[in-house]
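Participant: One structure follows; several queries about it will come next.
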């Protein structure tokens with residue numbers, strides 16, 4: 001039989017050793033992970049405007065195409081502007097904004113700021129709006145690229161932390177995201193409609209609404225609804241800004 | 001210790017080979033012992049995540065079996081389950097950190113399921129039933145065998161679910177290239193839902209028992 005003293009010493013030493021190993025590993029690997037996350041973010045942003053990048057050239061392509069990073073406040077005024085690698089106003093880079101925190105501030109009725117990225121490719125501007133919302137198992141996020149008149153969707157990317165592989169996780173596939181291209185977020189009267197993810201397919205809804213909807217994923221209803229909510233909640237924050245630009 | 005053992009029995013003696021090969025077939029953790037079913041349902045809708053999952057389980061189970069086997073004489077029996085869990089959990093976190101640092105894309109696909117390896121009953125089961133009472137080399141073989149036994153079932157299930165459910169293999173649209181869709185074929189959406197994984201595992205069990213009469217229970 002082992003004495004209590006032995007058991008206490010044994011477990012204390014074990015815990016200390018394990019803690020040391022894990023924290024060392026976490027610290028050593030952190031720079032790699034941070035870089036991966038930043039590159040992943042850039043790839044998501046580029047991909048939403050249909051620029052395909054690889055892990056290796058993402059940083060270069062990002063610098064080439066994303067000309068402006070604008071930060072706006074809740075009333076739609078520009079707080080900060082980062083253009084071609086230097087600030088012309090303010091000192092916050094839209095790329096570094098933690099959207100989750102800002103949306104939390106919004107829900108608590110505190111001041112919040114929003115990122116908006118401007119991509120310029122072949123003389124055409126697209127506006128990229130970062131998205132953040134809830135899926136079934138964890139957060140989902142993405143980037144939403146709008147055409148110059150702030151109405152037509154140029155492209156969209158979604159990503160997720162923990163959706164079910166093969167079901168909800170399908171939101172990050174091209175097949176799902178392709179459906180959004182050419183859809184519109186304002187109706188003919190100019191009212192904001194967002195884009196709905198429709199369970200059972202858009203054939204079920206009236207024809208006039210079809211340009212504001214896409215097919216949901218079979219077996220991924222909660223994730224699909226999460227995408228709908230995320231689009232609505234994130235895009236509506238930009239309405240004051242869009243109104244001022246028009 | 002290894003050289004001393006070498007004198008007594010060769011590294012791949014009949015007994016050791018059985019440790020490695022039995023779990024692949026007639027002692028398979030999924031189809032015979034019916035363990036680890038949960039992840040077999042969850043990650044097998046596509047081939048790639050199933051493959052990486054199998055690989056991660058191989059790494060975790062093999063290494064933790066060896067570690068526990070090395071420690072086995074010092075572990076106080078009263079806290080042995082805790083010690084086993086600590087070893088498994090640390091290894092899983094390490095695997096997760098490495099995946100995130102070096103194969104970020106794959107780690108994104110597997111998401112939460114890497115973390116869930118900790119709760120995979122096969123791993124705890126092998127540590128408790130085998131590694132606690134055996135030397136490191138047999139424990140290594142046992143861990144490797146069981147993990148591969150788990151892995152190949154996962155890959156077979158994922159192959160059929162992806163092929164029939166999404167019409168692709170490893171993301172490559174085979175059925176589309178074969179032109180089956182033009183003939184009126186449609187993907188079976190039911191295949192990507194979890195119940196079909198159970199049915200496929202059931203079919204594997206059926207085939208296995210039909211071929212190996214030893215597995216059939218006497219009434």
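Chains as they are written, first to last, in my numbering: chain A, 1 to 246; chain B, 1 to 219. For each residue, glycine too, the CB sits at the ideal point set by N, CA and C. Given the structure is predicted, the values throughout are model-derived calculations rather than measurements.
Give me the Cβ distance between residue 162 of chain B and residue 169 of chain B, rounded to the nearest whole Å; I'm assuming they're in contact under 8 Å.
Facilitator: Right, their Cβ atoms sit about 6 Å apart.
Participant: What are the residues that DSSP puts in a beta bridge with residue 159 of chain A?
Facilitator: A/141.
Participant: Just grab the DSSP bridge partners of residue 184 of chain A for me.
Facilitator: Paired residue(s): A/152.
Participant: If you measure from the beta carbon of residue 179 of chain A to each beta carbon in chain B, is any gap under 9 Å?
Facilitator: No, residue 179 of chain A does not count as interfacial toward chain B.
Participant: Would you say residue 5 of chain B reaches chain A, if we count a Cβ-Cβ gap shorter than 9 Å as a contact?
Facilitator: For residue 5 of chain B, the pLDDT reaches just 47, beneath the cut-off of 50, and the residue's location in the model is therefore unreliable, although a value from the coordinates is still provided. Not closer than 9 Å to any Cβ of chain A, the Cβ of residue 5 of chain B fails to qualify, so no.
Participant: Please classify residue 56 of chain B as buried or exposed, where buried requires at least 16 other C-beta atoms within 10 Å of its C-beta.
Facilitator: Residue 56 of chain B is buried by the Cβ-count criterion.
Participant: Tell me whether residue 136 of chain A sits in a helix, a strand or coil according to DSSP, three-state version.
Facilitator: Reduced to three states, the DSSP call for residue 136 of chain A is coil.
Participant: Chain B beta carbons: is any one of them nearer than 9 Å to that of residue 164 of chain A?
Facilitator: Taking Cβ atoms only, chain B reaches closer than 9 Å to residue 164 of chain A, which makes this a yes.
Participant: Any idea if residue 3 of chain B is buried or exposed, counting beta-carbon neighbours within 10 angstroms, 16 or more meaning buried?
Facilitator: Low confidence applies to residue 3 of chain B: its pLDDT is 47, below 50, so where it sits in the model is not reliable enough to give any reading.
Participant: At 9 Å on the CB atoms, spell out the chain B contacts of residue 167 of chain A, in chain order.
Facilitator: Neighbours of residue 167 of chain A on chain B, chain order: 45, 192, 193, 194.
Participant: Can you tell which of A/213, A/243, A/15, A/4 has its C-alpha closest to the C-alpha of residue 231 of chain A?
Facilitator: Checking every option, the nearest Cα to that of residue 231 of chain A belongs to A/213.
Participant: Report the three-state DSSP secondary structure of residue 221 of chain B (helix, strand or coil).
Facilitator: Residue 221 of chain B lies beyond the stretch modelled for chain B, which goes from 1 to 219, so this question has no answer here.
Participant: Are any of the Cβ atoms in chain B nearer than 9 Å to that of residue 138 of chain A?
Facilitator: Yes, because at least one Cβ of chain B sits closer than 9 Å to the Cβ of residue 138 of chain A.
Participant: Between the region 79-86 of chain B and the region 20-27 of chain B, are three or more C-beta pairs nearer than 8 Å?
Facilitator: The answer is no - the region 20-27 of chain B does not touch the region 79-86 of chain B, with fewer than three Cβ pairs under 8 Å.
Participant: Mapping the DSSP letters down to three states, classify residue 195 of chain B as helix, strand or coil.
Facilitator: DSSP places residue 195 of chain B in helix when its eight states are reduced to three.
Participant: Examine chain A for any beta-carbon lying closer than 9 Å to the beta-carbon of residue 174 of chain B, and answer yes or no.
Facilitator: No, because no Cβ of chain A sits closer than 9 Å to the Cβ of residue 174 of chain B.
Participant: Taking 8 Å as the cut-off, is the CB of residue 91 of chain B close to at least one heavy atom of the ligand GTP?
Facilitator: Of ligands this structure carries none, so the ligand GTP is not represented either.
Participant: Determine, using beta carbons only, whether residue 9 of chain A and residue 78 of chain B come nearer to each other than 9 Å.
Facilitator: Against a cut-off of 9 Å, the Cβ pair of residue 78 of chain B and residue 9 of chain A comes out as no contact.
Participant: Using a Cβ cut-off of 9 Å (strictly closer), state whether residue 101 of chain B contacts chain A.
Facilitator: It does; some Cβ of chain A falls within 9 Å.
Participant: For residue 103 of chain B, name the three-state secondary structure that DSSP assigns.
Facilitator: Coil at residue 103 of chain B, not helix or strand.
Participant: Under a CB-based cut-off of 9 Å, is residue 10 of chain A close to chain B?
Facilitator: Yes, its Cβ sits closer than 9 Å to a Cβ of chain B.
Participant: Is the number of C-beta pairs between the region 222-229 of chain A and the region 130-144 of chain A that are closer than 8 Å three or more?
Facilitator: Judged by Cβ distances under 8 Å, the region 222-229 of chain A makes contact with the region 130-144 of chain A, as three or more pairs qualify.
Participant: State the Cα-Cα distance for the pair residue 20 of chain A and residue 147 of chain B, rounded to the nearest angstrom.
Facilitator: Answer to the nearest angstrom: the Cα atoms are 28 Å apart.
Participant: Specify whether the region 159-166 of chain A and the region 183-197 of chain A touch according to this definition: at least 3 beta carbon pairs, one from each stretch, less than 8 Å apart.
Facilitator: Output reads no: the region 183-197 of chain A does not touch the region 159-166 of chain A.
Participant: Kindly identify the DSSP beta-bridge partner or partners of residue 86 of chain A.
Facilitator: A/83.
Participant: Give the range of the beta strand (DSSP E) segment to which residue 215 of chain A is assigned.
Facilitator: Start and end: 213-215.
Participant: Can you tell me which of the three DSSP states residue 135 of chain B falls into?
Facilitator: Residue state, collapsed to three classes: coil.
Participant: Should residue 161 of chain A be flagged as near chain B, meaning a C-beta pair shorter than 9 Å?
Facilitator: For residue 161 of chain A, the answer is yes, since a Cβ of chain B falls inside 9 Å of its Cβ.
Participant: When you compare only the Cα positions, how much space is there between residue 226 of chain B and residue 167 of chain B?
Facilitator: Given that chain B is displayed from residue 1 to residue 219, the structure contains no residue 226 of chain B and the question cannot be resolved.
Participant: In the structure shown, what three-state DSSP assignment does residue 27 of chain B receive?
Facilitator: Note: residue 27 of chain B maps to coil in three-state DSSP.
Participant: What first and last residue would you give for the beta strand (DSSP E) that runs through residue 68 of chain A?
Facilitator: Note, residue 68 of chain A: beta strand (DSSP E), 66-73.
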